[in-house]
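Structure (structure tokens):
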């Protein structure tokens with residue numbers, strides 16, 4: 041039994057290393073690849089996927105699994121086996137030619153999306169997206185068990201065990217209080233202080249690197265670059281992030297960087313001895329997003345952190361139009377109905393996610409054609425946000441996710457927000473001095489708490505078990521709603 045387990049684990053490690061190589065060429069494509077390298081990169085991705093699919097469907101995996109008595113395994117080994125079995129069953133359900141076609145089309149899709157976004161023309165992207173949707177439907181049909189919705193099959197990729205039957209009522213429970221809070225803010229108004237001035241790219245990137253030390257991002261095992269759509273990539277000792285720069289507004293850079301550092305710090309602090317084992321990966325994308333959203337919002341946009349951030353920004357940028365930490369706190373939490381999800385305030389953010397969730401479900405379930413997606417987006421945005429979308433770059437083309445086939449990913453942002461609400465409430469209860477530490481820029485306690493309870497465990501437990509065991513109850517939206525109501529109602533008094 042021991043031999044079969046060790047053989048299987050060693051084999052899986054090599055397969056997971058190939059996954060990391062695929063991630064590296066994806067990072068390269070979005071950061072430094074020459075403009076004309078796209079078609080070659082499609083072939084690189086296809087070749088890697090062909091090799092990975094062959095390894096992941098090797099019949100010996102089933103033989104090794106059958107040769108292991110799981111009842112006699114320690115918990116971490118049993119969890120490894122469960123995750124390897126899931127990986128194997130998902131792989132053998134997909135024919136090799138479909139797997140390769142998906143790799144090629146998602147690589148092409150990202151390039152075509154970037155070009156269409158720059159041109160502000162959805163019609164340039166629509167044919168590629170139509171092909172990709174057809175492939176994703178085929179993938180979901182191959183992996184489907186029984187009569188479950190095709191969308192749920194894709195959702196399970198990112199949040200194992202989650203279903204649309206659970207998500208839809210959850211999102212509706214969020215929509216009401218968020219819409220009410222938005223209306224309350226619109227009626228009473230928030231302080232309208234704004235950042236102003238010129239913020240050179242070099243200064244912003246320098247400040248982004250300075251934030252790494254505060255948030256525990258180890259640059260000896262990472263790097264910061266720029267990309268059209270910020271992202272984090274990698275694991276273990278090679279975890280890279282990207283950010284964006286607007287020389288008229290440093291907030292986008294600051295909070296994109298903090299957000300991606302949340303992802304990166306998670307990856308850098310999963311138990312190193314478990315690297316290239318299934319338990320040495322992240323628990324789910326919902327848990328992953330809980331880290332980035334907690335870093336960005338509960339810490340980064342807090343009143344306490346503004347006490348540290350204000351003088352740090354003064355040192356980095358000089359006068360930036362704000363006169364106090366309280367003014368900075370108000371400016372960074374200004375509530376406004378905007379078009380861009382990644383720039384949305386916390387009151388509007390989950391409403392953006394809900395819009396995308398409903399659209400992508402309709403696309404995958406064949407209730408909406410890709411050719412009608414732009415019109416559907418614009419109509420639903422006007423209904424939900426009360427504003428007319430001015431152009432595709434601020435509408436249907438703003439996110440990279442669909443271009444790379446990430447159908448089912450968007451809900452994990454809101455799941456992550458819900459987890460973050462629960463985690464921060466539990467962490468604050470355990471550390472009454474937390475806000476005072478954050479105000480000094482000392483994040484050692486929250487970082488150590490997260491390292492211990494979320495980061496180091498990796499995927500040793502299913503995601504909801506990981507959160508539930510830590511907070512002492514099944515996670516709900518209540519702490520998130522309470523946090524948002526208290527925070528934004530409190531701003532009225534400033």
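Residue numbers (our numbering): 41 to 534. Cβ coordinates follow ideal geometry from the N, Cα and C atoms, glycine included. Quick caveat, the model's predicted, so the values are computed rather than measured.
- Shown here, residue 282 sits in a strand according to DSSP, grouped into three states.
- Here the C-alpha atom of residue 464 lies approximately 37 Å from the C-alpha atom of residue 177.
- Rounded to the nearest angstrom, the Cβ distance from residue 49 to residue 317 is 6 Å, consistent with a contact under 8 Å.
- As the crow flies, the alpha-carbon of residue 284 is around 10 Å from that of residue 271.
- Checking the DSSP bridge columns, you'll see residue 272 partnered with 281.
- Secondary-structure assignment with DSSP links residue 266 through a beta bridge to 283.
- According to the DSSP assignment, residue 490 belongs to the alpha helix (DSSP H) that extends over 484-490.
- In this structure, DSSP gives residue 289 an extended state, which the three-state scheme calls strand.
- For residue 171, the secondary structure class from DSSP, reduced to helix, strand or coil, is helix.
- Between the beta-carbon of residue 434 and that of residue 369 there is about 27 Å, and that puts the pair past the 8 Å contact cut.
- Burial check for residue 114: the Cβ neighbour count within 10 Å stays below 16, so the residue is exposed.
- Approximately 7 Å separates the beta-carbon atoms of residue 502 and residue 201; this is inside 8 Å, confirming the contact.
- Of the other Cβ atoms in all chains shown, 16 or more fall within 10 Å of the Cβ of residue 495; this residue is therefore buried.
- Here residue 55 is buried: its Cβ has 16 or more other Cβ atoms, across all protein chains shown, within 10 Å.
- Inter-residue distance for residue 312 and residue 117 is about 16 Å (C-alpha atoms, whole angstroms).
- By the Cβ-count criterion, residue 314 is buried, with 16 or more other Cβ atoms from all chains shown falling within 10 Å of its own Cβ.
- For residue 477, the uninterrupted alpha helix (DSSP H) segment begins and ends at 474-479.
- Using a Cβ-Cβ distance cut-off of 8 Å, the stretch 261-280 and the stretch 59-71 are in contact, since at least three pairs of beta carbons, one from each stretch, lie closer than that value.
- Around the CB of residue 327, 16 or more other CB atoms lie within 10 Å, so the residue is classed as buried.
- Taking residue 278 as reference, the option from 299, 268, 253 and 310 with the minimal CA-CA separation is 310.
- Nearest to residue 321 by C-alpha distance, out of 102, 47, 119 and 89, is 119.
- Only residues of its own chain outside the window of five on either side were considered, and among them 198, 199, 449 and 452 have a CB closer than 7 Å to the CB of residue 325, listed in chain order.
- The closest CA to that of residue 245, considering only 393, 353 and 133, is found on 353.
- Here residue 468 has 474 as same chain residues with Cβ atoms under 7 Å from its own Cβ, once five neighbours each way along the sequence are excluded.
- Per DSSP, the unbroken alpha helix (DSSP H) holding residue 418 starts and ends at 413-425.
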